[in-house]
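A.B. asks: Protein chains in written order, with this note's numbering: chain A, 1 to 330; chain B, 331 to 843.
A virtual CB, placed ideally from N, CA and C, is assigned to each residue, including glycine.
Here the structure is a predicted model, which means the values were calculated and not measured.
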Amino acid sequence: MAQLPNTKSMGGVARQGMRRLPLNATILAPLVALILLFVVSSIASEYFLNTRNISNVLRQVSYTGIIAIGMTFVIIAGGIDLSVGSMVALVGVIILYIINTISDPIQAVLLGMLAAIAAGGLLGLFNGLLVTRGRIAAFVVTLASMSIFRSLALYFTDAAEVSTRNPLFSNVGGGFFLGIPIPVLVFFGLAILAHILLFHTPYGRHVCAVGANAQVARYSGIRVERIVLSTFVIAGICVGLSAIMLTSRLNSVSPSDAGYFYELDAIAAVVIGGTALSGGRGTVWGTVIGALILGIINNMLNLTGVSPYLQGLVKGGVILLAVLLQYKRA
Amino acid sequence: MSEPILRLEGIGKAFGPVQVLDDISLSVMPGEVIGILGENGAGKSTLLKIISGIYTPTVGTIYLNGQIFSALDPITARFHGVAMIPQEFNLIPTLRVYENVFLGQEVRRNGFLDHADMRKRTQELLSSLEVNLDPRLPIAQLSVAQKQMVEVARVLANDARIVILDEPTTVLTDREVAVLFRVVRALVAKGVTILFISHKLKEVKDLCDRLLILRDGKQVELCETKALNEEDMARKMVGRELSQIYPDKPPLDVTGAPPALQVRGLSLKGKLTDINLEVRRGEVLGLAGLVGAGRTEIAETIMGLRRKASGEILIDGQTVDIRSPNEAHAHGLAYLSEDRQGKGLILSFNVMQNITALSLKRYVRGFIQHRAERRRAEHYQQRLAIKASNLAAPVSLLSGGNQQKVYFSKLLDIDPDILILDEPTRGIDISAKQQIYRLIRDLTEQNKAVIVISSELEEVIGMADRVLVIREGRIAVELNGDDINEEQIMLYAAGARQHANCERVGDYDGTIA
């Protein structure tokens with residue numbers, strides 16, 4: 001079983017990490033872009049470096065960032081998940097229903113959060129089973145489930161916003177720990193876990209193998225379908241986490257607006273982070289950087305008073321630029 | 331035959347500091363067949379890519395059709411009739427034969443595609459090649475050899491004057507090779523120039539008028555084919571004396587122990603009927619036969635990659651139920667696929683990640699021990715002489731021979747008892763082949779059982795202690811001793827000779843369990 005690594009092997013892991021991770025163009029380019037963006041933003045607006053602003057940006061980023069981490073696994077394994085945005089709304093509705101039916105506030109919050117993770121995992125399983133057992137392309141499956149999940153959320157609530165009077169729930173997404181917003185801690189903590197899973201365990205290696213060449217993976221005794229299925233479950237669980245953070249922050253969920261276009265932000269973060277959309281390779285750090293880049297751009301455009309109608313144009317431009325740079329290298 | 335159609339003068343190419351091609355000069359007449367020989371990495375591909383306009387030479391001049399170029403681009407090269415038939419075919423599997431033949435130069439009438447005319451002209455081209463093939467078939471339904479014929483037809487439709495054949499025979503059986511050679515001779519008769527690359531010296535000797543031999547990017551020989559015998563060619567390519575290519579076959583000591591692997595009455599729906607075979611420890615069993623005879627299917631069924639209709643598999647005398655490659659690996663079986671790039675290696679993975687793909691569990695103590703993986707890879711790098719400057723670089727950057735060694739390392743790393751090697755030396759050069767043959771014998775000396783599936787008769791004959799000839803999903807014959815020769819194998823493989831029941835031919839000094 002997992003031994004506690006001694007200091008020597010920790011150093012080994014770190015050195016390995018240094019050697020194989022950041023210092024190649026795939027991850028260096030987004031990192032340089034992020035630093036540049038940070039410098040430019042701090043010059044462009046005096047409010048940018050304000051602690052409160054930074055804290056808000058990070059919190060805003062973490063909702064889609066958490067989802068993007070799950071999406072990274074799906075995309076590396078050669079799939080895509082378009083349903084995550086609608087899944088946020090559906091899971092959000094489920095959370096609040098459960099919290100509102102349980103009278104004890106502590107129990108309500110705990111069960112609500114558990115249910116969110118379970119529901120996210122199950123919805124991911126639904127996607128994954130259709131992709132693996134049903135042999136339908138991931139794009140098509142999740143395009144359909146995107147529509148199904150949103151529709152269910154609207155039906156259950158009659159399209160009305162659901163809110164809760166639970167006095168504790170808002171502390172989860174709205175609270176701080178050591179001065180850092182809890183969603184941000186969850187985001188970074190999840191990123192560390194995901195990185196370890198992807199680079200330091202056989203599972204992660206298998207995910208890459210399946211995405212790079214499913215046939216070779218099959219001939220190597222890797223259970224290709226199981227791996228693909230699991231990546232959708234991971235994405236679903238990440239959606240569950242994100243839904244907890246989002247609904248508790250607002251203490252409510254709007255079935256029509258919650259998670260709207262999150263799938264695009266999540267995919268954009270993954271792509272900007274240098275993960276190949278064709279699968280087979282990618283990094284969690286890249287995705288984190290990609291999410292931060294998108295968040296800072298949004299914030300800077302707001303701070304400098306750029307028309308909100310133009311923000312989509314800037315975001316789209318950044319995505320194109322990132323992909324163009326990647327193709328140049330390839 | 332007065333003017334050369336292609337002349338190269340002092341062509342050199344460097345990638346950064348690495349000189350991959352140095353001072354190549356060659357002049358080719360219309361209708362000539364030039365063989366280009368060299369080990370992997372000798373610069374053959376680079377030279378061909380310069381001729382077909384993909385690479386720009388660093389120095390030198392190219393005269394093509396009487397015009398002078400310092401460099402070609404693919405469009406100019408194609409305009410002047412240079413066409414390449416690559417090893418990996420560039421056909422679109424979902425389109426039909428005639429659509430592929432005319433891809434990019436579709437025949438139009440009134441702005442719309444003229445399907446009838448294209449079908450007719452494709453039929454004519456195929457008949458002129460004496461190939462019997464329906465132009466309306468989708469490419470996906472064709473055999474490898476048929477696909478190659480479609481490539482040839484496409485080249486003809488392009489009115490090519492210089493055709494580059496890059497190791498065209500690696501994927502063909504001997505009979506298909508004969509057909510291809512007839513087609514090549516038909517092209518030559520039309521005045522087409524052929525540049526022919528192959529690792530098979532015998533073919534080169536049969537087909538080519540002149541030879542260009544490259545070694546480490548330099549031109550070591552340009553002469554009439556007649557002037558050299560096969561040994562001379564090999565020596566010039568390698569630059570040293572080649573000792574015997576195939577290691578000696580040690581005498582088999584037959585013990586009473588049950589065979590390492592035994593297959594009884596194996597059938598696979600539509601593919602295999604009643605396959606019986608056994609292989610002992612220390613023995614190399616050869617599986618010969620035409621492409622599509624079912625040899626690969628036998629291997630894949632044993633490995634649990636295909637679901638057998640009936641039959642049983644015994645390992646060391648014990649019946650086993652193998653339903654997945656994982657279970658096969660657990661029983662000490664390992665399979666080297668004929669499709670190195672499609673089923674064997676993950677090209678975007680590095681050497682270490684590929685080698686540990688089957689054995690990854692052994693490198694996990696909580697997390698993957700990357701340093702242990704690297705040490706293991708270094709071990710194989712030394713043991714099999716894998717030429718890789720960087721173990722962390724993707725294996726796609728390695729030459730075919732080195733990729734194959736990495737693939738072997740991947741199997742060896744689970745320490746299998748029984749190895750099934752499907753075309754173990756496909757597309758690799760002579761010295762790498764020799765190393766792999768040596769390795770196979772080392773394995774049998776370590777008391778492992780080896781099955782070699784090969785379309786190269788020479789290889790089966792040189793390596794196998796016993797040979798099973800497979801035809802149309804059945805075992806046609808078992809050959810032993812002196813009966814393992816080209817003539818016998820071909821007779822049975824092609825069905826010219828049949829036995830009522832599978833028979834053993836030749837002196838076999840062992841007892842049959």
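Using CA coordinates, which residue listed in PHE48/A, GLY70/A and SER42/A is at the minimum distance from GLY204/A?
C.D. replies: Within the first sequence, the letter at position 204 stands for residue 204/A. That would be GLY70/A, whose Cα lies nearest to the Cα of GLY204/A.
A.B. asks: Shorter than 8 Å from the beta carbon of HIS200/A to some beta carbon of chain B?
C.D. replies: Translated into the one-based positions of the first sequence, residue 200/A becomes position 200. Taking Cβ atoms only, chain B reaches closer than 8 Å to HIS200/A, which makes this a yes.
A.B. asks: Verify whether the separation of the beta carbon atoms of ASN684/B and LYS735/B is less than 8 Å.
C.D. replies: Locating residue 684/B in the second sequence gives position 354, counting from the first residue. Locating residue 735/B in the second sequence gives position 405, counting from the first residue. Not a contact, by the Cβ cut-off of 8 Å.
A.B. asks: Answer yes or no: does any C-beta atom of chain B fall closer than 8 Å to that of ILE196/A?
C.D. replies: Working through the first sequence from its first residue, we reach residue 196/A at position 196. It does; some Cβ of chain B falls within 8 Å.
A.B. asks: Checking 8 Å against the spacing of the C-beta atoms, do GLY273/A and ILE76/A come in under that value?
C.D. replies: Locating residue 273/A in the first sequence gives position 273, counting from the first residue. Locating residue 76/A in the first sequence gives position 76, counting from the first residue. Not a contact, by the Cβ cut-off of 8 Å.
A.B. asks: If you reduce the DSSP assignment to three classes, tell me which class LYS315/A lands in.
C.D. replies: Residue numbering aside, residue 315/A sits at position 315 when the first sequence is read from its first letter. Shown here, LYS315/A sits in a helix according to DSSP, grouped into three states.
A.B. asks: For THR649/B, is the classification buried or exposed, using 16 other Cβ atoms within 10 angstroms of its Cβ as the cut-off for buried?
C.D. replies: What you label residue 649/B is simply residue 319 of the second sequence in a count that begins at 1. That one is exposed.
A.B. asks: Give a yes or no on whether the minimum CB-CB distance between VAL216/A and chain B is below 8 Å.
C.D. replies: As a first step, residue 216/A is located in the first sequence; it is residue number 216 there, counting from the start. Output row for VAL216/A: interface = yes.
A.B. asks: Got a sec? Which residues, its chain only, sit under 7 Å from THR64/A by beta carbon, not counting five neighbours each side?
C.D. replies: For this step, residue 64/A is matched to residue 64 along the first sequence. TYR262, ASP265, ALA266, ALA269 and ALA291.
A.B. asks: For HIS659/B, go through chain A and note every residue whose CB falls closer than 7 Å to its CB, in chain order.
C.D. replies: Counted from its first residue, the second sequence places residue 659/B at position 329. Those within 7 Å of HIS659/B in chain A are GLY221.
A.B. asks: Quickly, what does DSSP pair PHE345/B with across the bridge? List them, please.
C.D. replies: Counting from 1 along the second sequence, the entry for residue 345/B is found at position 15. BP columns for PHE345/B point to VAL348/B.
A.B. asks: Let's test the definition: count the other Cβ atoms within 10 Å of the Cβ of SER726/B and tell me whether it reaches 16, buried, or not, exposed.
C.D. replies: Along the second sequence, one-based indexing puts residue 726/B at 396. SER726/B is exposed by the Cβ-count criterion.
A.B. asks: Would you decide whether GLY662/B is buried or exposed? Buried here means 16 or more other CB atoms lie within 10 Å of its CB.
C.D. replies: For this step, residue 662/B is matched to residue 332 along the second sequence. Buried is the call here.
A.B. asks: Classify LEU310/A: buried if its beta carbon has 16 or more other beta carbons within 10 angstroms, exposed otherwise.
C.D. replies: As a working note, residue 310/A is residue 310 in the first sequence. Looking at its Cβ environment, which holds fewer than 16 other Cβ atoms inside 10 Å, LEU310/A is exposed.
A.B. asks: Answer yes or no: do GLY547/B and VAL350/B have a C-beta to C-beta separation smaller than 8 Å?
C.D. replies: Position 217 of the second sequence, counted from the start, is the residue given in the question as residue 547/B. Position 20 of the second sequence, counted from the start, is the residue given in the question as residue 350/B. Yes, the Cβ-Cβ distance between GLY547/B and VAL350/B is below 8 Å.
A.B. asks: Enumerate in chain order the residues of its own chain whose CB-to-CB distance from VAL733/B is below 7 Å, with the five nearest sequence positions on each side excluded.
C.D. replies: As a position in the second sequence, residue 733/B is number 403, starting the count at 1. Looking at the sequence shown, residue 733/B is not Val but Gln. ARG670, LEU675 and VAL725, listed in sequence order.
A.B. asks: What separation, rounded to the nearest whole angstrom, lies between the Cα atoms of GLY616/B and VAL790/B?
C.D. replies: The residue labelled residue 616/B in the question sits at position 286 within the second sequence. The residue labelled residue 790/B in the question sits at position 460 within the second sequence. The alpha-carbon atoms of GLY616/B and VAL790/B are separated by roughly 6 Å.
A.B. asks: Determine which residues of the region 713-747 of chain B have a Cβ less than 9 Å from any Cβ of chain A, and write them out in chain order.
C.D. replies: ALA722 and LYS740
A.B. asks: Buried or exposed: which applies to THR386/B, given that a residue is buried once 16 or more other Cβ atoms fall within 10 Å of its Cβ?
C.D. replies: Residue numbering aside, residue 386/B sits at position 56 when the second sequence is read from its first letter. Exposed is the call here.
A.B. asks: I'd like the ranges of any alpha helix (DSSP H) spanning at least 4 consecutive residues and lying wholly in the region 151-194 of chain A.
C.D. replies: 170-174
A.B. asks: Could you tell me which of ILE98/A, ILE102/A and PHE73/A sits nearest to ALA118/A, measuring between CA atoms?
C.D. replies: Counting from one through the first sequence, the residue named residue 118/A turns up at place 118. Minimum Cα distance to ALA118/A is reached at ILE98/A.
A.B. asks: Count the other CB atoms within 10 Å of the CB of GLY757/B; is the residue buried (16 or more) or exposed (fewer)?
C.D. replies: For the purposes of this step, residue 757/B is taken as residue 427 along the second sequence, with counting starting at 1. Under this definition GLY757/B is a buried residue.
A.B. asks: Less than 7 Å between C-beta atoms, sequence neighbours within five positions excluded: which residues of the same chain meet that for ALA33/A?
C.D. replies: Here residue 33/A corresponds to residue number 33 of the first sequence, with the count starting at 1. Closer than 7 Å at Cβ, skipping near neighbours: ILE293.
A.B. asks: Classify TYR155/A as buried or exposed, calling it buried when 16 or more other Cβ atoms lie within 10 Å of its own Cβ.
C.D. replies: On the first sequence, residue 155/A is found 155 positions in, with the first residue counted as 1. Under this definition TYR155/A is an exposed residue.
A.B. asks: Check whether chain A comes within 8 Å of LEU690/B, counting only Cβ atoms and requiring the distance to be less than that.
C.D. replies: Translated into positions along the second sequence, residue 690/B becomes position 360. At least one chain A Cβ lies under 8 Å of LEU690/B.
A.B. asks: Mapping the DSSP letters down to three states, classify SER45/A as helix, strand or coil.
C.D. replies: Along the first sequence, one-based indexing puts residue 45/A at 45. Coil, per DSSP.
A.B. asks: Please classify GLU554/B: does DSSP put it in a helix, a strand, or coil?
C.D. replies: Walking along the second sequence from the start, residue 554/B turns up at place 224. Here GLU554/B sits in strand by DSSP.
A.B. asks: Which residues, in chain order, does the region 123-147 of chain A contribute to contact with chain B at a C-beta distance below 9 Å?
C.D. replies: none
A.B. asks: Measure from the alpha carbon of PRO360/B to the alpha carbon of each residue in LEU582/B, LEU455/B and ASN395/B, then state which is nearest.
C.D. replies: In the second sequence, counting from the first residue as 1, residue 360/B sits at position 30. Closest by alpha carbon: ASN395/B.
A.B. asks: Under a Cβ-count criterion, where at least 16 other Cβ atoms within 10 Å of its own Cβ denotes burial, should LYS556/B be classed as buried or exposed?
C.D. replies: Mapped onto the second sequence, residue 556/B falls at position 226. Exposed: under 16 other Cβ atoms inside 10 Å.
A.B. asks: Taking Cβ-Cβ distances below 7 Å as the criterion, which residues of the region 654-680 of chain B are in contact with chain A?
C.D. replies: SER654, PRO655, ASN656, HIS659, SER667, GLY672, LYS673, GLY674, LEU675, ILE676, SER678 and PHE679
A.B. asks: With 8 Å as the C-beta to C-beta threshold (strictly closer), list the residues of the region 100-125 of chain A near chain B in chain order.
C.D. replies: Along the region 100-125 of chain A, there is no position whose C-beta sits under 8 Å from a C-beta of chain B.
A.B. asks: With 8 Å as the threshold, decide whether the Cβ of ILE842/B is near any Cβ in chain A.
C.D. replies: Residue mapping note: residue 842/B aligns to position 512 of the second sequence, counting from 1. Annotation note: pLDDT 37 at ILE842/B (below 50); position unreliable, coordinate value reported separately. No - not a single Cβ of chain A is within 8 Å of the one on ILE842/B.
A.B. asks: When burial is assigned at 16 or more other CB atoms within 10 Å of the CB, is VAL210/A buried or exposed?
C.D. replies: Here the question's residue 210/A lines up with position 210 in the first sequence. With 16 or more other Cβ atoms within 10 Å, it is buried.
A.B. asks: Could you check where the beta strand (DSSP E) with ALA779/B kicks off and where it finishes?
C.D. replies: Start at 1 with the first residue of the second sequence, and residue 779/B comes out as number 449. Note, ALA779/B: beta strand (DSSP E), 779-783.
A.B. asks: For the region 75-96 of chain A, which residues have a beta carbon sitting closer than 9 Å to at least one beta carbon of chain B?
C.D. replies: Listed by position along the chain: nothing, the set is empty.
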